[in-house]
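Residue numbers (my numbering), protein chains in the order written: chain A, -5 to 228; chain B, 45 to 493.
From the three backbone atoms N, C-alpha and C, an ideal C-beta is built for every residue, glycine too.
Working notes, beginning with the structure itself.
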């Protein structure tokens, strides 16, 4: 049977050996880090963005590379998923973009700070994270559940304006694609005329006080494009 | 208690009770926010509640370890503590730093790195504080009449815990490296040197409560902590799968974290065997409940549930979901919280000379809190598995999935209420013991050594 001094040798020997391996692997990890994390792309904005990220303890709700608090979405690929424009609008007033949902603090970032946060998240999204997060691997239609009837619309014929796919689609769906915070817009063109849609987009609150629809920062031509597109959805 | 200076431990334990209560309050704030009742959002947003909840956990456990050390080291060294005055100064400054940190969290003053949210200036104060603590303990051991393995393992654990705090204080502008070295603190604490501290405290309690020969217990202490380091050091790799580090961490982290349950299994078998070998019955059954309970629950929570989601092909789906929260709750409860409660249960009658361990309330505290914690873990497990399938495997939207699992959080809140009842019983018992008394010096109630 093991004696006490053998037990001690096992403890000390094991600790020393595995600590040494750990230090060796750490040196190698640090050596490979520049390539794996694209250090050349770490601009001044990225560094500032990281500071803002930490200063406000964003990880106290969100996760990043899967590390965080599981209360708010993982933001590793958020720039790829939502796009810079949407994040920019979202940060101005998070609760307006997801009314009645889980709340996020309104941080009142300046234009510059928002650019920095987005730059940081964009850089994080391009880190070589061994393929994480994985793509969903169970196709929804393989599950025997009653399907939401797919709405037939002429959306395919008409291409979506850029701003529409950047902003509106986060909450509204067209042709089964998009968010479900607001109603689907497949037949919106037959319900409202273009004049009404134009006024609605200019100031939703003025038309329907208390509506969940936020007033989006759109220039006149952008709004016109969207109205034309919506009017065609019949 | 044998020595007058062991009384210091009482004040550390009292601080523990206070911080634990506060931790529970913040846990409830988070639980309610998850079911949509987030009325405190403007004053205590989720990230504040979360940082407070986890930091209070760390601080109360460390306070408990310090109290345990101040209680155990004099007895193991067979002499008074080096300086009682220093111990009180240390406790006071520790509490002041903690209070400032927690108030700071409510005013957006923090470092924003998970588990290490304490702002940098306060980090330095923590270091000074812990050095003071270690100096006091080291001097006591240095001038001791006798050396014991338990004493040395405990000291080595505390020393390494202090040293490993330092990598967390280096600033990295690269997120991957930042995360890499943050785990040196968090993982190597929880799955490394804290287990050493746990082993040391467990050995002391087993010696006192079972009366089995010290040599036998201490031999197995080496084996258990040996297994801990053997698996735990490279087991850090399971945090390095998806943060931008090389691919070999998948294999190394996978293999060594699969070995991690062995250390906890060893701990459980060791404690149960020593109990089976006992000569006589120690009257303080409640302390024995917590001691053996800790050894077993740590195997389930830290060993088994950790094992359940650290294999890379599983972890790629469960990483960053409520599965982690599920494992975290039972792991911390079993391994460290129950152990601190075991030390307190053992030490209180000795410190005060009052034999409250004969009553019913101790058992109520034990069973209500344990069943409550198992219920919370179960609720989080179901919520976590649902989340993994809907969000990760099917690709549903995060917020949509969160609405699907609200029901499980109602379950969690109910289990948490039972847990809180248990802890309330424990604290009431703690208060009923009263203050440490001079008449209790020089004798231990019912020790078998």
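- prompt: By Cβ distance, which residues of its chain are closer than 6 angstroms to residue 90 of chain A, with the 5 residues on each side in sequence left out?
  reply: 208
- prompt: Within the chosen definition, does the stretch 309 to 320 of chain B reach the stretch 24 to 42 of chain A through at least 3 CB pairs nearer than 8 angstroms?
  reply: no
- request: Can you tell me which of B/433, B/409, B/489, B/298 puts its alpha carbon nearest to the alpha carbon of residue 466 of chain B?
  value: Measuring C-alpha to C-alpha distances from residue 466 of chain B to each of B/433, B/409, B/489, B/298 identifies B/409 as the nearest.
query: Mind checking whether residue 275 of chain B and residue 240 of chain B have CB atoms under 7 angstroms apart?
result: In this structure, residue 240 of chain B does not lie closer than 7 angstroms to residue 275 of chain B by Cβ.
field: Same chain, Cβ closer than 6 angstroms to residue 55 of chain A, neighbours up to 5 away in sequence not counted
entry: 63, 65, 66
field: Per-residue contacts from residue 99 of chain A into chain B (C-beta, under 7 angstroms)
entry: In chain order, 89 make up the part of chain B whose C-beta sits under 7 angstroms from the C-beta of residue 99 of chain A.
field: Beta-carbon contacts of residue 97 of chain A that lie in its chain and below 8 angstroms, excluding the five residues immediately before and after
entry: 88, 89
task: Please state if the CB of residue 163 of chain B and the CB of residue 153 of chain B are separated by a distance shorter than 7 angstroms.
output: yes
field: Euclidean distance between Cα positions of residue 213 of chain B and residue 159 of chain B
entry: Taking the straight line joining both Cα atoms gives about 12 angstroms.
query: What's the gap between the Cα of residue 227 of chain A and the Cα of residue 187 of chain A?
result: Straight through space, the alpha carbons of residue 187 of chain A and residue 227 of chain A are spaced by roughly 11 angstroms.
Residues of its chain near residue 435 of chain B, where Cβ-Cβ distance is below 7 angstroms and the 5 sequence neighbours each way are ignored: 442, 445
- request: Can you tell me which of the three DSSP states residue 210 of chain A falls into?
  value: coil
- prompt: For residue 355 of chain B, which residues of its own chain have a beta-carbon under 6 angstroms away from its beta-carbon, when the five flanking residues on both sides are left out?
  reply: 298
message: On the criterion of 16 or more Cβ atoms from any shown chain inside 10 Å, does residue 357 of chain B qualify as buried, or is it exposed?
response: exposed
task: Inspect the beta-carbon positions of residue 68 of chain B and residue 84 of chain B and report whether they are closer than 7 angstroms.
output: no
- prompt: Which residues in the same chain as residue 149 of chain B place their Cβ atom closer than 6 angstroms to its Cβ, once the five residues preceding and following it in sequence are excluded?
  reply: 92, 95, 96
Same chain only: Cβ atoms within 6 angstroms of residue 48 of chain B, ignoring 5 sequence neighbours per side: Excluding positions up to five away in sequence, the list reads 485.
- prompt: Among B/286, B/200, B/244, which one has its Cα closest to the Cα of residue 384 of chain B?
  reply: B/244
- request: Give, in chain order, every residue of the stretch 26 to 38 of chain A whose Cβ lies closer than 8 angstroms to some Cβ of chain B.
  value: 26, 27, 30, 31, 33, 36
Inter-residue spacing [alpha-carbon to alpha-carbon] between residue 421 of chain B and residue 464 of chain B: 14 angstroms
Beta-ladder partner(s) of residue 38 of chain A, from DSSP: Bridge partners of residue 38 of chain A: none, in fact.
message: Quick check: the Cα distance between residue 250 of chain B and residue 347 of chain B, rounded to an integer number of angstroms?
response: 21 angstroms
message: Once the 5 residues before and after residue 472 of chain B are set aside, which same chain residues still bring their CB inside 8 angstroms of it?
response: Spatial neighbours of residue 472 of chain B in its own chain (CB-CB distance under 8 angstroms, excluding positions within 5 residues in sequence) are listed in chain order as 405.
task: Spatial neighbours of residue 423 of chain B within its chain, please: CB distance less than 8 angstroms, with the 5 preceding and 5 following residues excluded, ordered by chain position.
output: 452, 453, 455, 456, 459
Whole-Å CB distance - residue 202 of chain B paired with residue 178 of chain B, under 8 angstroms assumed: Indeed they touch by this definition, with Cβ atoms about 6 angstroms apart.
- prompt: residue 95 of chain B CB to nearest chain A CB: under 7 angstroms?
  reply: yes
query: From residue 90 of chain B to residue 375 of chain B, what distance separates their C-alpha atoms?
result: 23 angstroms
- request: For the stretch 385 to 432 of chain B, list the alpha helix (DSSP H) runs that are entirely contained and at least 4 residues long, ordered along the chain.
  value: Runs found: 405 to 431.
- request: Answer yes or no: does any C-beta atom of chain B fall closer than 7 angstroms to that of residue 5 of chain A?
  value: yes
- request: Please classify residue 49 of chain A: does DSSP put it in a helix, a strand, or coil?
  value: helix
- prompt: Unbroken alpha helix (DSSP H) runs of length 4 or more, entirely within the stretch 92 to 123 of chain A: which are they?
  reply: 105 to 119
- request: Please classify residue 354 of chain B: does DSSP put it in a helix, a strand, or coil?
  value: coil
field: Residue span of the alpha helix (DSSP H) that contains residue 340 of chain B, given as start and end
entry: 329 to 342
message: By the three-class DSSP mapping on this structure, what secondary structure does residue 167 of chain A have?
response: In the three-state reduction of the DSSP assignment, residue 167 of chain A falls in the strand class.
Integer Cβ distance of residue 229 of chain A from residue 397 of chain B, believed to fall under 8 angstroms: For residue 229 of chain A there is no data in the structure shown, the boundaries of chain A being -5 and 228.
task: Use the C-beta contact count for residue 295 of chain B: other C-beta atoms within 10 angstroms, 16 or more gives buried, fewer gives exposed.
output: exposed
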